[in-house]
Amino acid sequence: MINFKNIIAQKIAKEVELDAKEIEGFIEVPPNEEMGDYAFPCFKLAKVLKKAPPAIATELKEKITTDENIEKIEIVGGYLNFYINKKVLTKTVLEELDKKQENFGTYNSGDGKTVLVEFSSPNIAKPFHIGHLRTTIIGNSLYKIYKFMGYNSISINHLGDYGTQFGKLIEGYKRWGSEYNIDENPIEELMKIYIRINDLCKEDESVLDACRENFRLLEEGDPYCKNLWEKFRDVSLQEFNRIYDLLGVKFDSIKGEASYANSWGEVVDILEKAGKLTESEGAKIVDLEEQGKGVCMITKSNGSTIYATRDLAAIRYRAKTYDFDKCLYVVAYEQALHFRQIFEVAKYLDIPEKCQKGLEHVQYGMVRLSTGKMSTREGNVVKVEDLLNESIDRVKKVIEEKNADMENKEEEAKKIGIGAVIFNNLCTTIIKDQVFDWDTVLNFNGETGPYIQYIYVRTKSVLEKAGYIPNIDEINVNVLQDKQSLNVIKILYKFGEILEAVVQKNEPSILARYLIDLAGSYSNFYNENKIIDEDKNVQNARVYLSKSVGTVLKTGASLLGIEMPNRM
Ligand code: ARG
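Reminder that position 85 of the sequence shown reads as 265 in this note's numbering, one-by-one numbering, no gaps.
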C-alpha cells in the first residue's frame, strides 16, 4: 500500500538536511480536511535553517513538485499542507485489502520479537472479581494484537496459588470439609470454610498453630497437604475456565506463584551476593529510597518469602525460558508501587539487560457498578460468571422481542452479550476508572460492541442482497469519490497505523475507538448512497467497499476478543 506520509517526508528530506524518518515523525494530520490530508509544521526546521517558518514554507513549496500521488501543496502560516490524490488512495486501499484480506493492517513489524503478556492471574480459592475480568479482557486483546503484528506473543496466567492462607484452608477442610459441597460451588464454599476457620483462629491460638504447621508441611511437600492444595487449585481453575471459555480466552502458560518455590532462594542469594540486601527488624529488604521507590521486602522476619520475591523468581524464569523482549503485566494501578520496586530490583538479577528493560506494568482503572460497588471484601459481590451470563440473557430477551425467529439465537446472543462486555472494557483509556451500567453496555445505537456488530451484519446483508462479490478489476474508483465513500476509505487506510499505535502505547482503546469511527462512517455512507443500483459500475464499487468494511470490522473486533454474529 502506498505510504503517503513517507512520500511527503522523502520529498521534504530531499530539500533539507534532515533524515526522512525524522521528518515523517513531524508530519501531522490537519484538524479538518479542507486543510489537506497531511501538514508539515515548518517551525521544526526553523532552528536548522535559521529562517522563519513562513519563509521556509514558501521556499519548500517552490522546490517540491506535485505528482500522481500528491495533488496539491498549500501554505497556511508556517504549515505546508499536502493534498493527496484521492483516486490513488482509493485504489491502493482496495488493492491492499484484496491482497491481504483478513491480514490487512499488519506488516509483521513485530519481526518475531518475543512479548510475554501476563494477565488475569486470579487467586485460587478466592473470587474471580470484576478487576480480574478487566485484566483478562485487556490482556487478551493486547496478546492478540501483538500476535497479529508479527510478534511471538505469549499469554501467561500467573495464578495466585501461594500463601499462608492455604495452611488455614487445609485446617478448615480437615475439620469440616464434608459439610461443604466443594465440587459444586468450589470458591464460594472454600470461602465459607476460610471465614469459619479464621474466626476460630482468633478465638483459639492453638488452631492458628495448627494452620501454621499445615503451611510448613505444605512447603515441605507433605502428601496430605499437597493433595488438598492441588484439589483447591483444580476446582478453582475449573471455575475460572468457565469464565475463560465464555470470553474465548486461552493461555499459552498457566503457572502459579507456588511453582517458583524452589528458585526464590536463588533470588535471595543473588541479591545477597550483590550486596543489595539489608536487615530490617529481622526482615531482608532492598532499600530503594535513593531511587524514590521506598523499600522492597524480600523475606519476612520468619524467613518466608513474599509476593515480590515470587515475582522476581518469575522474572528470572521468564528471561531464561523465553529470552523476552517485552514482558507486560496487565495489573490494576493499585499495584504500581509493587511493580516499580520489582522492576528496579530486577536490575540486580542475572538476566539480560534487554529483559530488564522490557518489563512494563500496563495499568488499568477500577470498575464500579452503577449501583453500588463491585467489592469482594464486603458482601455485595458480583460474580463475574453471573455478570457475563446476565449480559447474554439480556440480549436473548431483546432477540425474543424483536426477532424471535432468528437462526442460532443462543449462539448469536452469546457473541453479542459477551462482545458488549468486552467492548465496554476497552472503549475508554484503560487507566481511567469505569462505571458499569447495563443501559450503556447494551445500547445498540451507542458507542458499543453491539453497535459495531450491527454495522458488520449490515455489510453482510448488503453482500447477500447483491448476491455476489465483485472482483477487484471490476471496481471503478471514480464512483467512490463522494464525501462519505472517501471518508470510509480514509479510515480504512489508517487501520495499520492504529494497530501500531496500540502496540506503542499498550492501549487497546485506540482500536476500539477506531472501530466506532469506521462503523459510523459506513453508516453515513450507507444512508447517503444507494448500494444496490441499476448501474452495475456503481453497484460493484459500493458492494466492494461494504465488503471491505466488513472485513476490517471483523478483524478489528476479533483483535479485541469479540466475535461477530451472522444475524442481529
Ligand atoms: N494475583 C494477583 C491479584 O489477584 C495479581 C497478580 C499480578 N501479577 C503479578 N505478576 N504480580 O491481585
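Note that beta-carbon positions come from the ideal geometry of N, C-alpha and C, so glycine has one too. These numbers were taken from a predicted model, which means no experiment stands behind them.
Nearest to residue i by alpha carbon, out of the options?
| i | options | result |
| --- | --- | --- |
| D505 | A494, D402, E242, K537 | K537 |
| A235 | E282, G258, P366 | G258 |
| I696 | V659, I635, D713 | I635 |
| F328 | I711, I678, Y724 | I678 |
| Q633 | I742, V228, V668, Y263 | I742 |
| I610 | Y513, K640, K293, V295 | Y513 |
| F624 | D384, K612, G597, K306 | G597 |
| E254 | V273, V268, M215, K271 | M215 |
| G343 | G319, G311, F420, I304 | I304 |
| K453 | Y528, V387, D432 | Y528 |
| G340 | D662, K480, Y487 | Y487 |
| N482 | E461, D491, E470, K500 | E461 |
| N709 | L691, D662, M748, R747 | D662 |
| V447 | P302, T501, E195, L492 | L492 |
| D432 | G455, Y502, T489 | Y502 |
| A516 | P532, C535, H541 | H541 |
| P650 | F675, D278, K595 | D278 |
| D217 | N667, I652, D414 | N667 |
| L539 | Y509, L568, Y648, D566 | Y509 |
| P211 | G676, R496, V256 | V256 |
Assuming residue i and residue j make a contact with CB atoms under 8 angstroms, what is their CB distance in whole Å?
| i | j | result |
| --- | --- | --- |
| G474 | Q543 | At roughly 18 angstroms, the Cβ-Cβ gap does not stay under 8 angstroms, so G474 and Q543 are not in contact. |
| V564 | H309 | 7 angstroms |
| N265 | E251 | 5 angstroms |
| Y631 | A737 | In fact, because the Cβ distance is near 11 angstroms, the residues do not count as touching under 8 angstroms. |
| V642 | N717 | In fact, because the Cβ distance is near 17 angstroms, the residues do not count as touching under 8 angstroms. |
| L269 | Y673 | 6 angstroms |
| A721 | I655 | 5 angstroms |
| L296 | C507 | 4 angstroms |
| P302 | F412 | Actually they do not touch by this definition, with Cβ atoms about 13 angstroms apart. |
| A494 | P532 | 16 angstroms between Cβ atoms; not a contact. |
| E197 | V228 | 7 angstroms |
Hey, how far is the Cα of residue i from the Cα of residue j?
| i | j | result |
| --- | --- | --- |
| E680 | Y331 | 12 angstroms |
| I377 | Y702 | 59 angstroms |
| F299 | L313 | 10 angstroms |
| N704 | Q664 | 6 angstroms |
| V511 | P233 | 45 angstroms |
| L370 | I317 | 26 angstroms |
| S484 | E368 | 28 angstroms |
| T238 | F206 | 18 angstroms |
| E687 | Y694 | 12 angstroms |
| D122 | D389 | The structure shown does not extend to residue 122, since the chain is modelled only from 181 through 748, so no value can be given for it. |
| S335 | Q418 | 19 angstroms |
| E570 | S289 | 40 angstroms |
| E459 | L739 | 48 angstroms |
| K191 | E242 | 12 angstroms |
| F346 | W409 | 7 angstroms |
| A219 | V209 | 6 angstroms |
| D363 | L380 | 24 angstroms |
| E470 | E524 | 11 angstroms |
| C405 | L398 | 5 angstroms |
| I244 | K271 | 24 angstroms |
| A593 | R548 | 25 angstroms |
| N249 | I188 | 9 angstroms |
| N186 | D199 | 11 angstroms |
| G599 | L240 | 49 angstroms |
| I711 | Q719 | 6 angstroms |
| D715 | K685 | 45 angstroms |
| R355 | S333 | 45 angstroms |
| V601 | R422 | 16 angstroms |
| G455 | D530 | 14 angstroms |
| N707 | R638 | 12 angstroms |
| T315 | K230 | 50 angstroms |
| V621 | G319 | 20 angstroms |
| G559 | K306 | In this prediction, G559 has a pLDDT of 46, which is less than 50 and means its spatial position is unreliable; what the coordinates show is noted afterwards. The straight-line gap from Cα to Cα measures roughly 14 angstroms. |
Within 8 angstroms, do at least three Cβ pairs link the stretch 570 to 580 to the stretch 318 to 337?
no
Of all residues in the structure, which have a C-beta closer than 6 angstroms to any heavy atom of the ligand ARG, taken in chain order?
E298, S301, P302, N303, H338, G340, D491, Y509, V511
Are there three or more Cβ pairs, one per stretch, closer than 8 angstroms when the stretch 474 to 487 is compared with the stretch 456 to 465?
yes
Does the stretch 725 to 732 come close enough to the stretch 616 to 630 that 3 or more CB-CB pairs lie under 8 angstroms?
no
contact_flag[the stretch 728 to 735, the stretch 273 to 291] where n(CB pairs < 8 angstroms) is 3 or more
yes
Could you check whether the stretch 350 to 363 touches the stretch 390 to 405, counting it as contact only if at least three pairs of C-beta atoms, one from each stretch, sit closer than 8 angstroms?
yes
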